[in-house]
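What follows is a set of notes on a single structure, which appears directly below.
Residue numbers (this note's numbering): 76 to 225.
Written out as structure tokens, the structure is:
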């Protein structure tokens, strides 16, 4: 039986996909649960329209992420922290600190998008990747300087 998925179904497909399933699976589970509908000619036309709209929305999200990436590229994060011998910091710069900095600059970035392998624990310049979208990653320059004692 051919059906059109209304919602994403794990191990089967995404919303708008036309898939072939066993008759019982389609009639007794997918259709009654509202996860799919029969693949009639009118439903196929509507599904095609839905796929086009979804693709346009996804493209708009990618473009927005690319635009944000180009703006972030020109920014450098400056931090002053206390440090000990050989440039070791008392504390560290975390992904949360970087996300807070970017949010303060007007960007909406969650700390989970900051791909910091390890917290920054030394003075110097560090390049930190930020994954704005699965297709868009940008590097932020983080400069950690020693705090002047008064």
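Note that the Cβ used here is the ideal one computed from N, Cα and C, for glycine as well.
- For residue 122, the number of other beta carbons within 10 angstroms of its own is at least 16, and it is reported as buried.
- With respect to the C-alpha of residue 209, the residue from 104, 81, 131 and 140 having the closest C-alpha is 140.
- Along the stretch 148 to 218, the beta strand (DSSP E) occurs as fully enclosed runs of 3 or more residues at 151 to 156, 163 to 168, 195 to 197 and 199 to 208, listed in sequence order.
- According to the DSSP assignment, residue 106 belongs to no beta strand (DSSP E), since it is labelled neither H nor E.
- For a cut-off of 8 Å, the C-beta gap from residue 198 to residue 173 is around 16 Å, too long to register as a contact.
- Around the CB of residue 150, fewer than 16 other CB atoms lie within 10 Å, so the residue is classed as exposed.
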